[in-house]
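Visitor:
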Amino acid sequence: MSNVLGWMQELKTRILWIQSSTLLLRHGFYKDTKPFAICQNDRIVGFVSMYVGEENYQIINFMIDRAYQKKGLGTEAAQRCIAFLQQEYGATRISAPVNTENKAAHRFWKRLGFAFSDSIEDGYVF
6 MSNVLGWMQE LKTRILWIQS STLLLRHGFY KDTKPFAICQ NDRIVGFVSM
56 YVGEENYQII NFMIDRAYQK KGLGTEAAQR CIAFLQQEYG ATRISAPVNT
106 ENKAAHRFWK RLGFAFSDSI EDGYVF
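Shown next, in the form of structure tokens:
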């Protein structure tokens, strides 16, 4: 963990705080994809990528460690992802592809105001 903390410290300018105990850490990855580590204090508790290409904004690969679920971190991180896409890219429509069998994820995104379409691609509903 100390290597991760040192790496995080070096990338201070790329850190986006979402509250005093939670942050998102951005670092370059694939073109048009913005990956973030979701952290509480100095511990990485999750991960999310956001696709920003072709004005097709998506929150993808969203995950919170099971030990940190049901504590509000996922909800806050998702809300910050939405705000990030709106503020940085002017997104007016955002999708969150979810595996068709992941009913907990369906409920999670629905609580945040997402509605699922009839579009299914590779086992994911948008």
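Once you know that position 49 of the sequence shown is 54 in this note's numbering, the rest is easy, because the numbers rise by one and skip nothing. We put the CB at the ideal spot given by N, CA and C, even for glycine.
Using 8 Å as the threshold, is the C-beta distance between Phe119 and Ala101 below it?
Guide: Here residue 119 corresponds to residue number 114 of the sequence shown, with the count starting at 1. Here residue 101 corresponds to residue number 96 of the sequence shown, with the count starting at 1. Cβ atoms of Phe119 and Ala101: closer than 8 Å.
Visitor: What is the rounded straight-line gap between the Cα of Arg134 and the Cα of Ala109?
Guide: One cannot answer for residue 134 here, as it falls past the ends of the chain, which runs 6 to 131.
Visitor: Is Gln144 helix, strand or coil by DSSP?
Guide: In the structure as shown, the chain begins at 6 and stops at 131. Residue 144 is therefore absent and cannot be evaluated.
Visitor: With Thr80 as the anchor, note down where its alpha helix (DSSP H) starts and where it stops.
Guide: Counted from its first residue, the sequence shown places residue 80 at position 75. Unbroken alpha helix (DSSP H) run through Thr80: 78-94.
Visitor: Residues in the same chain with beta-carbon distance under 6 Å from Thr38, minus the five sequence neighbours each way, listed in chain order, please.
Guide: Within the sequence shown, numbered from 1, the residue matching residue 38 stands at position 33. Within the same chain, Thr38 has close Cβ partners Ser54, Tyr56.
Visitor: Between the Cα of Ile64 and the Cα atoms of Asn46, Glu106, Gln84, which residue gives the shortest distance?
Guide: Position 59 of the sequence shown holds residue 64. Ranking the options by Cα distance to Ile64, first place goes to Gln84.
Visitor: Which residues in the same chain as Leu117 place their Cβ atom closer than 6 Å to its Cβ, once the five residues preceding and following it in sequence are excluded?
Guide: Your numbering for residue 117 matches position 112 in the sequence shown. So the qualifying residues of the chain are Ala83.
Visitor: Just how far apart, CA to CA, sit Pro40 and Phe52?
Guide: Along the sequence shown, read from residue 1 onward, the residue named residue 40 stands at position 35. Along the sequence shown, read from residue 1 onward, the residue named residue 52 stands at position 47. Going from the Cα of Pro40 to the Cα of Phe52 covers about 7 Å.
Visitor: With 16 as the cutoff for other CB atoms within 10 Å, does Gly79 come out buried or exposed?
Guide: Against the sequence shown, residue 79 aligns to sequence position 74. By the neighbour-count rule (16 or more Cβ atoms within 10 Å), Gly79 is buried.
Visitor: For Arg19, which of helix, strand or coil comes out of DSSP?
Guide: Stepping through the sequence shown from its first residue, residue 19 is reached at position 14. Its pLDDT being 37, under 50, Arg19 is placed unreliably by the model, and nothing is read from it.
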